[in-house]
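Enquirer:
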Amino acid sequence: MDLRDLRVFVAVVEEGGILKASRKLHRVPSNISTRIKQLEGSMNSQLFYRHKQRLHLSPSGELLLPYAVKLLRLAEEATCAMVGTVPSGMLRLGALESTSASRLPGVLADYHKVFPDVKVELTTGTNDALIAAVLDRRVDAAFVAEAPSGRELASLPLFTERLTLITFIGHAPVRKPQDVANDSVIAFPDGCAYRRRLYRWLGDTSGATTRTLDLASYHAMVACVGAGAGIALVPESVLEAMPQARVRRHALARQYSHVVTPLVWRPKEQSSALGVLVAQLNRRSRTPARERERR
Numbered sequence: 143m144d145l146r147d148l149r150v151f152v153a154v155v156e157e158g159g160i161l162k163a164s165r166k167l168h169r170v171p172s173n174i175s176t177r178i179k180q181l182e183g184s185m186n187s188q189l190f191y192r193h194k195q196r197l198h199l200s201p202s203g204e205l206l207l208p209y210a211v212k213l214l215r216l217a218e219e220a221t222c223a224m225v226g227t228v229p230s231g232m233l234r235l236g237a238l239e240s241t242s243a244s245r246l247p248g249v250l251a252d253y254h255k256v257f258p259d260v261k262v263e264l265t266t267g268t269n270d271a272l273i274a275a276v277l278d279r280r281v282d283a284a285f286v287a288e289a290p291s292g293r294e295l296a297s298l299p300l301f302t303e304r305l306t307l308i309t310f311i312g313h314a315p316v317r318k319p320q321d322v323a324n325d326s327v328i329a330f331p332d333g334c335a336y337r338r339r340l341y342r343w344l345g346d347t348s349g350a351t352t353r354t355l356d357l358a359s360y361h362a363m364v365a366c367v368g369a370g371a372g373i374a375l376v377p378e379s380v381l382e383a384m385p386q387a388r389v390r391r392h393a394l395a396r397q398y399s400h401v402v403t404p405l406v407w408r409p410k411e412q413s414s415a416l417g418v419l420v421a422q423l424n425r426r427s428r429t430p431a432r433e434r435e436r437r
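Going left to right, the sequence shown walks through residues 143 to 437 as the numbering used here numbers them.
#1: How about A358 and P331: are their beta carbons less than 8 Å apart?
#2: Does the CB of L300 have a neighbour CB from chain D at under 8 Å?
#3: For W343, collect the residues of the same chain with a Cβ closer than 7 Å to its Cβ; drop the 5 residues on either side in sequence, then sort them by chain order.
#4: Return yes when the Cβ of D147 is within less than 8 Å of the Cβ of L181, no when it is not.
#5: Hey, which unbroken runs of the alpha helix (DSSP H) at 4 residues or more fall wholly within the segment 156–217?
#6: Could you tell me which uninterrupted alpha helix (DSSP H) segments, each at least 4 residues in length, are contained entirely in the segment 359–395, listed from first to last along the chain?
#7: So the candidates are L205, K194 and T265; which of them puts its Cα closest to the Cα of F151?
#8: Output yes or no for whether 8 Å exceeds the beta carbon distance between E288 and A237.
#9: Going by the DSSP bridge assignment, what does D356 pair with across the sheet?
#10: Hey, out of P385, G370, D321 and K410, whose CA is closest to L213's CA?
#11: Grab the span of the alpha helix (DSSP H) containing V286 for me, first residue to last.
#12: Can you tell me whether I273 is helix, strand or coil according to DSSP?
#13: Going by DSSP, which residues form a beta bridge with H254?
#14: Under a Cβ-count criterion, where at least 16 other Cβ atoms within 10 Å of its own Cβ denotes burial, should R337 be classed as buried or exposed?
#15: Just mark L272 as buried or exposed, buried being the case when its beta carbon has 16 or more other beta carbons within 10 Å.
#16: How about V211 and L235: are their beta carbons less than 8 Å apart?
#17: Is P229 closer than 8 Å to A374 when the C-beta atoms are compared?
#18: Buried or exposed for V311, going by 16 or more other Cβ atoms inside 10 Å?
#19: Please state whether the Cβ-Cβ distance between G203 and E218 is less than 8 Å.
#20: Report, in whole angstroms, the separation of the C-beta atoms of T302 and V281, which I expect to be a contact under 8 Å.
#21: Apart from the five residues just before and just after S413, which ones in its own chain have a Cβ nearer than 6 Å to its Cβ?
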């Protein structure tokens, strides 16, 4: 197997087609097609099914993909070890939108200063979508709200978040679920851990009876709440970044409001770029905020 062919194969899978892979790798589409055919010839297997100008992984392609990812990472680590260079290449991260906006700017800025040769790609999504992306190797690691209980993924607790219930300014005080019985819920789509917490607070049966407005942006969510469209459960850090928001805050019990954001990743497939990020985050979590600011 040629590592260049494997790199093209992985890019086609990740990008969902030859045209997008060619843009990512800065090659013409015909070169990508040739590489795929060469790899299929060397493996004596069809890696993709071609249907209506779209590529779909065959069973052989599904089998090869995790090995291809491992081989490419091992090659990168071997190169770094032999030439004594710092990590380079691509680091694909996933994160909740709230974490991306309020927690990651400083983290990524510090990382880029120390490891400028690593290109970071950041994808946002719900808790469940991000965990699935890590398991499917579409991202190397993700900042989520709830780490899975199994042993397939490693996790590092990082940021403490406090969630608060918000309503429009003129809403009556909220002390119990009955106080919002007639309000719609505004939340990220299914798969959002904060959405699940809000429904747990509302009660086990509320999910089937409560009107829900699905949004994929905190700015849109807060704006709709401010206009009286419903209620939402959001991190305090998001509200701090939106001082213009005209909403009323209502505190919930700790079991619903306290969240620790972890980073999750596949421990047996950790690249050097991810390894130094984990080490950097470990040091950062042990360093008081005031000391980081002095730096």
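Just so it is clear, CB atoms sit at the ideal spot from N, CA and C, and this is done for glycine as well. These numbers come from a predicted model, not from an experiment.
Expert: Well, looking at it:
#1: yes
#2: The structure shown contains no chain D, having only a single protein chain.
#3: P319, L394 and Y398
#4: yes
#5: 160–167 and 171–185
#6: 360–368 and 378–382
#7: L205
#8: No.
#9: A329
#10: K410
#11: Counting along the chain, V286 falls outside any alpha helix (DSSP H), and DSSP gives it neither H nor E.
#12: Helix.
#13: Under DSSP, H254 shares a beta bridge with no residue.
#14: buried
#15: buried
#16: no
#17: no
#18: The question names Val, yet the displayed sequence has Ile at residue 311. Under a 10 Å Cβ-count criterion, I311 is classified as exposed, with fewer than 16 other Cβ atoms of the shown protein chains found around its own Cβ.
#19: no
#20: At roughly 23 Å, the Cβ-Cβ gap does not stay under 8 Å, so T302 and V281 are not in contact.
#21: Residues R215 of the same chain have their beta carbon placed closer than 6 Å to that of S413, with the five preceding and five following residues left out of the count.
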